[in-house]
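Chemist: Got a structure here, written out as structure tokens. Questions coming.
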Amino acid sequence: MRLSHDWFPEDIPSNVVIGERSWLHSSYVFLHYRSQRPCGLRVGHDTGIYIDSFFDLGTCGEVEIGNYCTIAGPIIATNNRVIIGNYVLISREVVIADSFVAAPAQLSDISYAQSVETTTSIVIGNDVWIGTKAIILKGARLGDSVIVGACAVVDFEVPPYSIVVGNPARIISLHKQKVTA
Amino acid sequence: MSNNININEFTGDWDYNILPENIWLSEGCYLERKESFERFRSQINPGLIIGRGVQVYTWTVFSVEPEGRLIVGNDSILVGAIFWCAESITIGERVLISYNVMIADSDFHPRDPELRRRDAIAISPEGDITQRPPLETKPVVIENYVQIGIGAIILKGVHIGAGARIGAGSVVTRNVPPGVFVTGNPARVANLQEEYL
Chain A
20 MRLSHDWFPE DIPSNVVIGE RSWLHSSYVF LHYRSQRPCG LRVGHDTGIY IDSFFDLGTC
80 GEVEIGNYCT IAGPIIATNN RVIIGNYVLI SREVVIADSF VAAPAQLSDI SYAQSVETTT
140 SIVIGNDVWI GTKAIILKGA RLGDSVIVGA CAVVDFEVPP YSIVVGNPAR IISLHKQKVT
200 A
Chain B
2 MSNNININEF TGDWDYNILP ENIWLSEGCY LERKESFERF RSQINPGLII GRGVQVYTWT
62 VFSVEPEGRL IVGNDSILVG AIFWCAESIT IGERVLISYN VMIADSDFHP RDPELRRRDA
122 IAISPEGDIT QRPPLETKPV VIENYVQIGI GAIILKGVHI GAGARIGAGS VVTRNVPPGV
182 FVTGNPARVA NLQEEYL
């Protein structure tokens, strides 16, 4: 499929699913996309994926993005599964990656497409807000409503409603008590 | 609307011979975009040496000043490094540099406030660029097998020993011994690796 507004002369890869009323700025985001999975990228409805975003997925890479997300220019580099919830805001120059020295998957890697099990490396909950230049690495589990400060480096589990900042990141507060019934 | 876009210019399939003569390329290089060289303005020969099998991805920028020389060793991978080179940056072999990295061998403006004001006036839109105070530079050396993490910043005069790893988001202001892992701002040694080659 070709986006009608696209400046880059490429099709959207066939294993990409984009929901209703979602916006993708260009097929350029798939410049280094090598996913051979049945569904390499699944985007929910009413989600925007804007300029400077990239999906540098390896052959086993899978990314799921929920509904009503604003994806304003991160690089997602993974050969595993990355799950992003609903109502998530991700700022510019964010990197979400399996390794602290992530790189685009190389064409020569394609041979092992079916032989490696895909595991979930990063989970980002609902209503999460990720500040500019933050780095989210393998092992990160961001609970619902977490705020990640600018330039924070996170590779661990962050409980819901936390604010996490710094390098290495630390949890500085809860911004709201979770309502318990 | 996309008729005038040539996809080969985004996938390393363009003619590398159009690069200036003072850029020396070795065999088997992969240079994804020629825009990486748009800010290359070195006047010395060679101003840039790229070793065998080096891969240079989209986000890389070689910003080399007229007196600058940048050397990249064999089989290194440059994903998203911005090089600000006024004098000398040397990258060893099999070095891996990840996304959004910045490496500079100068601070590009004087530390002294009076000189810095003169610099600000000289580089203003209508200023006289020849009146800039001289840049203070210190060469950057990155030895073989070094891995530089996402978003790291390497500042002037830094020497990174062989096999060292620079954590994501680090700001490296001092020399890094061989084989260690450094992280943070400013970067400090996190733990020693037993083997690094």
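First to last, the protein sequences are chains A and B. Residues in the first sequence are numbered consecutively from 20, following the working numbering. Residues in the second sequence are numbered consecutively from 2, following the working numbering. Beta carbons are placed, not taken as given, at the ideal position from N, Cα and C, and that holds for glycine.
Where do the ends of the beta strand (DSSP E) carrying A/D75 lie?
Modeler: Along the first sequence, read from residue 1 onward, the residue named residue 75 of chain A stands at position 56. Taken as a continuous stretch (DSSP letters only), the beta strand (DSSP E) holding A/D75 covers 73 to 76.
Chemist: Considering only residues of the same chain and omitting the five flanking positions on each side of B/G1, which have a CB-CB separation below 6 angstroms?
Modeler: What the structure shows of chain B is the stretch from 2 to 198, and residue 1 of chain B is not part of that stretch, so it cannot be assessed.
Chemist: Got a sec: is the Cβ-Cβ distance from B/G52 to anything in chain A below 7 angstroms?
Modeler: Within the second sequence, the letter at position 51 stands for residue 52 of chain B. With 7 angstroms as the cut-off, B/G52 does not count as an interface residue toward chain A.
Chemist: For A/S33, does the count of other Cβ atoms within 10 angstroms reach 16, so buried, or fall short, so exposed?
Modeler: Taking the first sequence and counting its residues from 1, the one referred to as residue 33 of chain A is at position 14. The residue is exposed, with fewer than 16 neighbouring Cβ atoms inside 10 Å.
Chemist: Mind listing the chain D neighbours of B/Y58? Cutoff is C-beta to C-beta under 7 angstroms, in chain order.
Modeler: Given the protein chain composition of this structure (A and B), no chain D is represented.
Chemist: Contact criterion: CB-CB distance below 7 angstroms. Does B/G74 meet it with respect to chain A?
Modeler: Counted from its first residue, the second sequence places residue 74 of chain B at position 73. Not an interface residue.
Chemist: Apart from the five residues on each side of it in sequence, which residues of its chain come closer than 8 angstroms, Cβ to Cβ, to A/T138?
Modeler: Mapped onto the first sequence, residue 138 of chain A falls at position 119. Contacts found: N99, R100.
Chemist: Determine the burial state of A/G158: buried for a count of at least 16 other Cβ atoms within 10 Å of its Cβ, exposed for fewer.
Modeler: By 1-based counting over the first sequence, the position of residue 158 of chain A is 139. Classification for A/G158: exposed.
Chemist: If you reduce the DSSP assignment to three classes, tell me which class A/F175 lands in.
Modeler: As a first step, residue 175 of chain A must be located in the first sequence, where it is residue number 156. A/F175 falls in the coil class under three-state DSSP.
Chemist: Buried or exposed for B/Q148, going by 16 or more other Cβ atoms inside 10 Å?
Modeler: Taking the first residue of the second sequence as 1, we reach residue 148 of chain B at position 147. So B/Q148 counts as buried.
Chemist: If you drop the 5 nearest sequence neighbours on each side, which residues of the same chain put their C-beta closer than 7 angstroms to that of B/M2?
Modeler: Here residue 2 of chain B is taken as the residue at index 1 of the second sequence, counted from 1. Its pLDDT being 49, under 50, B/M2 is placed unreliably by the model, and nothing is read from it.
Chemist: Scan the region 33 to 50 of chain B for residues whose Cβ lies nearer than 9 angstroms to a Cβ of chain A and list them as they occur along the chain.
Modeler: Answer in chain order: E33.
Chemist: For a test of the three-state rule: what should DSSP assign to A/P187, helix, strand or coil?
Modeler: Your numbering for residue 187 of chain A matches position 168 in the first sequence. Three-state result, A/P187: coil.
Chemist: Going along the chain, which residues of the region 129 to 140 of chain B sit with their C-beta nearer than 8 angstroms to a C-beta in chain A?
Modeler: Flagged: no residues at all.
Chemist: Assign B/E1 to one of three DSSP states: helix, strand, or coil.
Modeler: Shown here, chain B extends from 2 to 198; a query on residue 1 of chain B therefore has no answer.
Chemist: Quick check: is the beta carbon of B/S77 nearer than 7 angstroms to any beta carbon in chain A?
Modeler: For this step, residue 77 of chain B is matched to residue 76 along the second sequence. False, the Cβ-Cβ gap to chain A never drops below 7 angstroms.
Chemist: Check distances from the C-beta atoms of the region 8 to 25 of chain B to those of chain A and list, in chain order, the residues that come in under 7 angstroms.
Modeler: Going along the region 8 to 25 of chain B in chain order, one finds I8, F11 with a Cβ nearer than 7 angstroms to chain A.
Chemist: Taking 6 angstroms as the limit between beta carbons, can you name the residues of its chain near B/A191, skipping five residues before and five after?
Modeler: Your numbering for residue 191 of chain B matches position 190 in the second sequence. Same-chain partners within the cutoff: F182, T184.
Chemist: Evaluate A/Q125 with the Cβ neighbour count: other Cβ atoms within 10 Å of its Cβ, from every protein chain shown; 16 or more gives buried, anything less gives exposed.
Modeler: By one-based count along the first sequence, residue 125 of chain A stands at place 106. Its Cβ having fewer than 16 others within 10 Å, A/Q125 is exposed.
Chemist: Residues of chain B with CB closer than 7 angstroms to the CB of A/A116, please, in chain order.
Modeler: Here residue 116 of chain A refers to the residue found at position 97 when the first sequence is read from its first residue. The contacting residues are I151.
Chemist: Mind checking the region 137 to 156 of chain A against chain B and listing, in chain order, the residues whose C-beta falls within less than 9 angstroms of any C-beta there?
Modeler: Residues passing the 9 angstroms Cβ filter: K152, A153, I154, L156.
Chemist: Does B/I6 get closer than 7 angstroms to chain A when you measure Cβ to Cβ?
Modeler: Numbered from its first residue, the second sequence carries residue 6 of chain B at position 5. Closer than 7 angstroms to some Cβ of chain A, the Cβ of B/I6 qualifies, so yes.
Chemist: Report all residues from its chain with a CB closer than 8 angstroms to the CB of B/D106; omit the five preceding and five following residues, and keep chain order.
Modeler: To locate residue 106 of chain B, count along the second sequence from 1; it is residue 105. For B/D106, where only same-chain residues beyond five positions count, the Cβ hits under 8 angstroms are G69, W85, C86, A87, E88, S89, I90, T138, K139, P140, V141, K157, G158.
Chemist: Please state the DSSP three-state secondary structure of B/Q132.
Modeler: In the second sequence, counting from the first residue as 1, residue 132 of chain B sits at position 131. It is helical.
Chemist: Against A/C170, what residues of chain B qualify as contacts under a CB-to-CB distance less than 9 angstroms, listed in chain order?
Modeler: Counted from its first residue, the first sequence places residue 170 of chain A at position 151. Going along chain B in sequence order, the residues near A/C170 (Cβ under 9 angstroms) are G152, G170, N186.
Chemist: Answer yes or no: do A/R53 and A/E81 have a C-beta to C-beta separation smaller than 7 angstroms?
Modeler: Residue 53 of chain A sits at position 34 when you count from the first residue of the first sequence. Residue 81 of chain A sits at position 62 when you count from the first residue of the first sequence. It is not a contact, given that the beta carbons lie outside the stated cut-off.
Chemist: Is A/V172 closer than 7 angstroms to A/I154 when the C-beta atoms are compared?
Modeler: In the first sequence, the residue the question calls residue 154 of chain A occupies position 135. In the first sequence, the residue the question calls residue 172 of chain A occupies position 153. It is a contact, given that the beta carbons lie within the stated cut-off.
Chemist: Can you have a look at A/I166 and say buried or exposed, based on whether 16 or more other CB atoms are within 10 angstroms of its CB?
Modeler: Taking the first residue of the first sequence as 1, we reach residue 166 of chain A at position 147. Buried, because 16 or more other Cβ atoms sit within 10 Å of the Cβ of A/I166.
Chemist: Whole angstroms are fine: how far does the CA of A/C79 sit from the CA of A/E176?
Modeler: Sequence index remark: in the first sequence, residue 176 of chain A carries index 157 (1-based). Sequence index remark: in the first sequence, residue 79 of chain A carries index 60 (1-based). Straight-line Cα distance between these residues: approximately 23 angstroms.
Chemist: Please determine if the region 48 to 59 of chain B and the region 17 to 26 of chain B are in contact, where contact requires at least 3 C-beta pairs separated by less than 8 angstroms.
Modeler: Touching, yes, given that three or more Cβ pairs across the two stretches are closer than 8 angstroms.
Chemist: Residues in the same chain with beta-carbon distance under 8 angstroms from B/Y100, minus the five sequence neighbours each way, listed in chain order, please.
Modeler: Locating residue 100 of chain B in the second sequence gives position 99, counting from the first residue. Answer for B/Y100: W60, V80, G81, I151, G152, listed in chain order.
Chemist: Counting only beta-carbon separations shorter than 7 angstroms, does A/V120 have a partner in chain B?
Modeler: In the first sequence, counting from the first residue as 1, residue 120 of chain A sits at position 101. Answer yes: the Cβ-Cβ gap between A/V120 and chain B drops below 7 angstroms somewhere.
Chemist: With DSSP as the reference, label A/L22 as helix, strand or coil.
Modeler: In the first sequence, counting from the first residue as 1, residue 22 of chain A sits at position 3. Looking at A/L22 - three-state DSSP - the assignment turns out to be coil, as it is neither helix nor strand.
Chemist: Against B/S99, what residues of chain A qualify as contacts under a CB-to-CB distance less than 9 angstroms, listed in chain order?
Modeler: Walking along the second sequence from the start, residue 99 of chain B turns up at place 98. Those within 9 angstroms of B/S99 in chain A are A96, V114, A116, S118, F119, V120, A121, A122.
Chemist: B/L116 lies in the alpha helix (DSSP H); which residues open and close that run?
Modeler: For the purposes of this step, residue 116 of chain B is taken as the residue at position 115 of the second sequence. Per DSSP, B/L116 belongs to the alpha helix (DSSP H) from 114 to 123.
Chemist: Could you tell me whether the Cβ atoms of B/H160 and B/N186 are closer together than 7 angstroms?
Modeler: Numbered from its first residue, the second sequence carries residue 160 of chain B at position 159. Numbered from its first residue, the second sequence carries residue 186 of chain B at position 185. Contact: no.
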